[in-house]
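Those protein sequence lines, which keep their order, are chains A and B.
Per my numbering, residue 7 is the first one in the first sequence, and the count goes up by one each step.
Per my numbering, residue 7 is the first one in the second sequence, and the count goes up by one each step.
By construction, the Cβ of each residue, glycine as well, lies at the ideal position given by its N, Cα and C atoms.
It should be emphasised that the depicted structure is a prediction, and the values quoted were computed from it without experimental measurement.
Protein chains: 2
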Amino acid sequence: MSTQKKEDVTYELIINTAKNLFFKEGKFNATTQEIADAAGVNRTLINYYFRSRNALFDLVFEEGKKEDERRQKMIVMSDLPIREKLELFIDYFLAQAKTYPYREVYMLTQMIKDEFCVYDKKEHIKYMTEKFYVELEEEMEKGTIQKMPPIQFMLNFISMLIFPVAMRPFLQNNFELDDVEYDKILSERKEIILKTIFKN
Amino acid sequence: MSTQKKEDVTYELIINTAKNLFFKEGKFNATTQEIADAAGVNRTLINYYFRSRNALFDLVFEEGKKEDERRQKMIVMSDLPIREKLELFIDYFLAQAKTYPYREVYMLTQMIKDEFCVYDKKEHIKYMTEKFYVELEEEMEKGTIQKMPPIQFMLNFISMLIFPVAMRPFLQNNFELDDVEYDKILSERKEIILKTIFKN
DNA sequence: TTTGCACTTGACAATTTTGTCAAACATAAA
DNA sequence: TTTATGTTTGACAAAATTGTCAAGTGCAAA
């Protein structure tokens, strides 16, 4: 529809290239030169569009935060039963992890670097999360999942899902697994997680 | 006993300072100057003792690998029953995490940076791991833990234990928890993990 | 006390990286 | 065609970072 201005195209190109470098290849400390080269543009453009290297990094980080929120929304909004919500979330995450395996670690290292950063979530999300926790507790009452504080349940779930993806190089080394073996293992994670979390 | 040479003292001082910077404070990209300042020595000493910045980084990484092996040994060696082995491991890890919360993430980012690195484990550890997996399968047969490939069980266990510690800033933000709340949650992890992993 | 040796330092040089700026370029409107 | 606006470039300057080196220091053995 709207004719993309050349500006927008280059702007997007740079930011996407940075994202790929960070999330896909794990080059968390790429220099402006490296980013420019990867994008096939002049290095100066990074300063032109983003003011400074740091500003670009922050922008990518902000996009990451938005994606985190989107994901969170997905699990607390929607009227599906708990199990289906979780399944949907797993599928979504694993698909995304195929494209951006280092996304979570990048977000983490940025947070560590910046000493801190507060998300300050929207009120309605907080509300929905509360509601979701209540649903969880109902499920625990029914006996389909172990009784425990909802936050602990969420930690279990998130950990079992993200850790094997985010820490892949670490784990692959520790357990001495080759790429093929590890891919196979990951493909089985969904079933394993569900089996571990739901009582039957 | 043996009178520490001044050399050894300084050498250790530098390497420990680096370790603290990396593992404790998460300064994964500390410059030689920062390390020297933190150690209260002249920057040149880093080149004197370690040849180059990179060599120092590698050395810290190697120590990390050794610690990983030590930990792994702990869980596969020893004649305790499975549950006690795992409990021991949890205690050990959580204690260590108090001092070095960013250890795992540092190891990971180094692995990502260096593109790759193979552990090549000792034969006897491989053997013991096999034995441990058999023990696990026996336990599954008995019905105390869910039936699944042993490696998946280990992934579940390791994930639920390490992820909440290693990704703390990430999770604390996502779930909007303050330090006190999060500490409390971590203190309950051991029981939660055991409850999740063992059928009763 | 003097000599030798290991340890430590400040100063320098080379390199890398970032940010700025003026000029060149393209393109659409007047 | 000219003008105006926004985009891109190469060259330069400043800062940060690493590595080297020659000289200085302290201490133990001769």
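Quick check: what's the CA-CA separation for residue i versus residue j?
i        : j        : result
B/LYS205 : A/GLN152 : 10 Å
B/LEU62  : B/GLY70  : 13 Å
B/ILE191 : B/THR50  : 44 Å
B/LYS201 : B/PHE163 : 11 Å
A/SER193 : B/LEU142 : 22 Å
A/ASP85  : A/ASN53  : 45 Å
A/PRO107 : A/PHE34  : 13 Å
A/TYR17  : B/ILE203 : 48 Å
B/ASP43  : A/GLU90  : 54 Å
A/ASP189 : A/LEU100 : 12 Å
A/ARG109 : A/LYS30  : 8 Å
B/TYR133 : B/ASP64  : 28 Å
B/ILE20  : B/ILE41  : 7 Å
B/GLU75  : A/GLY32  : 25 Å
A/LEU183 : A/ILE118 : 29 Å
A/THR9   : B/GLY46  : In this prediction, A/THR9 has a pLDDT of 38, which is less than 50 and means its spatial position is unreliable; what the coordinates show is noted afterwards. Distance between the alpha carbons of A/THR9 and B/GLY46: 59 Å.
A/PRO87  : B/THR37  : 51 Å
B/ALA103 : B/ASP185 : 15 Å
B/VAL15  : A/ILE198 : 49 Å
B/THR105 : B/VAL171 : 12 Å
B/LYS196 : B/SER165 : 13 Å
B/GLN39  : A/VAL66  : 29 Å
B/PHE181 : A/GLU136 : 11 Å
Going by DSSP, which residues form a beta bridge with residue i?
i        : result
A/PHE204 : A/ILE151
So with CB distances below 7 Å, who are the chain A contacts of residue i?
i       : result
B/GLY32 : ILE118
Is the Cβ of residue i closer than 9 Å to any Cβ of chain B?
i        : result
A/ALA172 : yes
A/GLU194 : yes
A/GLN158 : yes
A/GLN39  : no
A/GLN102 : no
A/LYS132 : yes
A/ILE20  : no
Mind listing the chain B neighbours of residue i? Cutoff is C-beta to C-beta under 8 Å, in chain order.
i        : result
A/PHE176 : GLU110, MET113, LEU114 and MET117
A/LYS201 : GLN152 and MET154
A/ASP245 : Any answer about residue 245 of chain A is impossible in this case: the structure gives chain A only from 7 up to 206.
Which bits of chain B does residue i rub up against, with CB to CB less than 9 Å?
i        : result
A/LEU161 : MET166, PHE169, PRO170, LEU177, PHE181, ILE191, ARG195 and ILE198
Does residue i get closer than 9 Å to chain A when you measure Cβ to Cβ?
i       : result
B/ASP64 : no
B/LYS25 : no
B/THR14 : Residue identity check: residue 14 of chain B is Asp in the sequence provided, not Thr. Not closer than 9 Å to any Cβ of chain A, the Cβ of B/ASP14 fails to qualify, so no.
B/ASN35 : yes
B/ASP43 : no
B/PHE67 : no
Quick one: list the residues of chain A neighbouring residue i, beta-carbon separation under 9 Å, in chain order.
i        : result
B/ASP184 : Simply none; closest approach about 10 Å.
- Query: Do three or more CB pairs link the stretch 105-118 of chain A to the stretch 171-180 of chain B at distances below 8 Å?
  - Reply: yes
- Message: When you compare the stretch 94-112 of chain B with the stretch 139-151 of chain B, are there three or more beta-carbon pairs, one atom per stretch, that lie closer than 8 Å?
- Response: no
- Message: Under 8 Å: do the stretch 38-57 of chain A and the stretch 154-164 of chain B share three or more Cβ pairs, one atom per stretch?
- Response: no
- Message: Check whether the stretch 65-84 of chain B and the stretch 21-35 of chain B are in contact - that is, three or more C-beta pairs closer than 8 Å.
- Response: yes
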